[in-house]
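Have a look at the structure below before the remarks.
Residue numbers (my numbering), protein chains in the order written: chain S, 8 to 292; chain C, 44 to 418.
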């Protein structure tokens, strides 16, 4: 593992304040350190065994709608692999917690993007290219709140919301019956089509594939998982997925990251993102 | 950006996609003079389409009081202020549309309403402009005035919602020009909510997608008018099909009102969307306000409408409003009777232009009593 001079280390510790962990080895590439465990807890000490990659975030200012004023400036990433899966811990500063959806409200989020195959020449970092897809793990703070147990009701988002009546809660509709559920679905067309953008869920992440801007689509199945926790000044999020095929020890592929700040109105293409960064699978046990 | 022709502003303009007009275009005429803001249309829509979770605040159809009513708050004045003033030279708009004034990085000049902007529909808005002083008498236009503006999605020829969606989740149907939002494809970015100047796309926090008026397309496909039209007790609405100005047919009721008589006008044509709900402007409102809201044709439209009782054809056609559930494709006046035919060419409704009048004398000679008007 690359060593850094003690003086440089001290400066780094001062620069990033108390939210940094004790071990401060920064690398120019993301190094997936071999580890017997991939802890879902972002604060687990095992994460200190991986070197840290600091990536400056850039405006998404290539395709409309663009983000024109910067928000999150830096993402810090550590990666671990157990030989079958790879896990990333993303860390960034965000002064406001945004995890409640609504009109004019946007949720905090982050994503990890990898080329489908670890080729020498990766596709365009901006969501891939036609015929050269990228795979994305997407995490959102409102999904995390749902996983953490926030009730699935309008009152949990707007405590003073008054609702007179939902037709599917009429006394004649037996709760849980097929007829009652069909009636509820009639007023939730996205849900009826299987497009679950909100509501109860088991995981705060979603697997996606893209072949260029505007082509983002759900993967055939979500094989990833994740967990995000709020630190005192931002987010710590662990995202775990199967290792890409052919990504053997000592080999390199590419990885890119994106961050959305809800309070800054960021969603979809309006985001801060990195370009491709090298991702090395560390050789060894 | 492509160059497209917008007949409502009399010129070519920039739009995100090339011109692609549907085979025929769903359209409507609302006669504002007859609206009493009973909100029956609002509830007809609400009970049919938006009674679900996350739709509590949604009003695909709403009726607001102008000039002080808005849903969501300040939807029109906010955009007018951002867009700035623009001049009309005759029927040509020389200012910029919301597509032409899109800032760097945007497809459309828009703004995002906050949750609180939807919190108070119709609260405290029935207020007159101006004072009602002692000795004031009624004249046209009124010195003190307000009016009711019923609004649905305009199913625009150049929808800003459609242009703004980075995922192309919104589409305009070739068969009827109805603008729909694909609920399987939407990811809830709210770009359409930001872009629609009429603010007729609504984000649903319980499904995480945006939703909008669908012009009751299952009814349209059966040759029927939408729910908010057939439930209107003031009979202010008529649904049908509008042509471009060069292809207008006088026997098409919408074409006749929009193109032939020019009595029905688009809402904020200067935004550049070619909206397809047309309004007969209120005749008691000062012209500067109407010109801003409906364009330079407002003076002519008010003049034609005020003369409607002496205008046999116009008076006849206005009688077909709210007279049938069928969409009226063609109309014809025969003397004192007006007929509307449906999409199969069959007479759907026949209405007398003037209702017969019976005068009941106050004195009943048979029973030798004075009648009262109480039942």
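Glycine included, every Cβ here is placed at the ideal spot set by N, Cα and C.
Bear in mind that the values here come from a model prediction, so they are computed numbers and not experimental data.
By the beta-carbon neighbour count (other beta carbons within 10 angstroms, threshold 16), residue 162 of chain S is exposed.
Within chain C, no C-beta atom comes nearer than 8 Å to that of residue 178 of chain S; the closest sits roughly 16 Å away.
For residue 244 of chain S, the three-state secondary structure derived from DSSP is strand. The segment 191-257 of chain S contains, as complete beta strand (DSSP E) runs of 3+ residues, the segments 212-217, 232-237, 241-249 (chain order). The C-beta separation of residue 217 of chain C from residue 194 of chain S comes to about 28 Å, leaving the pair out of contact by the 8 Å criterion. Taking C-beta separations shorter than 6 Å and ignoring five residues to either side along the sequence, the partners of residue 85 of chain S in its chain run 54, 57, 59, 96, following chain order. Secondary structure at residue 92 of chain S: strand, using DSSP grouped into helix, strand and coil.
DSSP lists S/63 as the beta-bridge partner residues of residue 81 of chain S. Annotated as distal: residue 40 of chain S and residue 218 of chain S, with beta-carbon spacing of 8 Å or more. In this structure the segment 262-278 of chain C touches the segment 73-89 of chain C; the number of beta carbon pairs closer than 8 Å is three or more. The beta carbons of residue 84 of chain C and residue 193 of chain C sit closer together than 8 Å. By the Cβ rule, the segment 205-225 of chain S counts as touching the segment 146-155 of chain S, because three or more pairs are nearer than 8 Å.
When beta bridges are read from the DSSP output, residue 280 of chain S appears opposite S/65, S/265. For the segment 275-289 of chain C, the set of residues with a beta-carbon nearer than 7 Å to any beta-carbon of chain S is empty. Per DSSP, the unbroken beta strand (DSSP E) holding residue 106 of chain C starts and ends at 105-109.
By the rule that beta-carbons nearer than 8 Å mark a contact, residue 236 of chain S does not touch chain C.
For the segment 237-267 of chain C, the residues whose beta carbon sits under 8 Å from a beta carbon of chain S are, in order, 245, 246, 247, 248, 249, 250, 251, 252, 254.
When C-beta atoms of the segment 325-341 of chain C are compared with those of the segment 369-379 of chain C, fewer than three pairs fall below 8 Å, so the two segments do not count as touching.
For residue 279 of chain S, no CB of chain C lies under 8 Å from its own CB, so it is not counted at the interface with that chain.
The beta carbons of residue 268 of chain S and residue 115 of chain S sit closer together than 8 Å. Apart from sequence neighbours up to five positions away, the residues of its chain that approach residue 197 of chain S with a beta-carbon distance below 8 Å are 203, 204, ordered along the chain.
Residue environment analysis places residue 80 of chain S among the exposed positions, since fewer than 16 neighbouring C-beta atoms fall within 10 angstroms of its C-beta. Within chain S, no residue has its CB atom less than 7 Å from the CB of residue 139 of chain C, the nearest being about 18 Å off. The shortest C-alpha to C-alpha distance from residue 119 of chain C to any of C/154, C/149, C/136, C/142 is the one to C/154.
Secondary structure note for residue 117 of chain S: its beta strand (DSSP E) is the uninterrupted segment 116-122. If you compare the alpha carbons of C/352, C/234, C/248, C/199 with that of residue 65 of chain C, the shortest gap goes to C/199. Setting aside the 5 residues that flank it on each side, residue 224 of chain S is surrounded in the same chain by 215, 216, 217, each with a C-beta closer than 8 Å to its C-beta; the list follows chain order.
Annotated as proximal: residue 233 of chain S and residue 246 of chain S, with beta-carbon spacing under 8 Å. Within the segment 54-86 of chain S, those residues whose Cβ lies closer than 8 Å to any Cβ of chain C are, in chain order, 68, 70, 71, 72, 73, 74, 75.
Residue-level contact check: residue 96 of chain C touches chain S, since one or more beta carbons of chain S fall below 8 Å from its beta carbon. Under a 10 Å Cβ-count criterion, residue 155 of chain S is classified as exposed, with fewer than 16 other Cβ atoms of the shown protein chains found around its own Cβ. By the Cβ-count criterion, residue 72 of chain C is buried, with 16 or more other Cβ atoms from all chains shown falling within 10 Å of its own Cβ.
The straight-line gap separating the alpha-carbon atoms of residue 183 of chain C and residue 328 of chain C is approximately 8 Å.
Residue environment for residue 400 of chain C: exposed (fewer than 16 other C-beta atoms within 10 angstroms of its C-beta). For the C-beta of residue 149 of chain C, the chain S residues within less than 7 Å are, from N- to C-terminus, 71, 72. Under the Cβ distance rule, residue 211 of chain C counts among the residues neighbouring chain S, one pair being separated by less than 8 Å.
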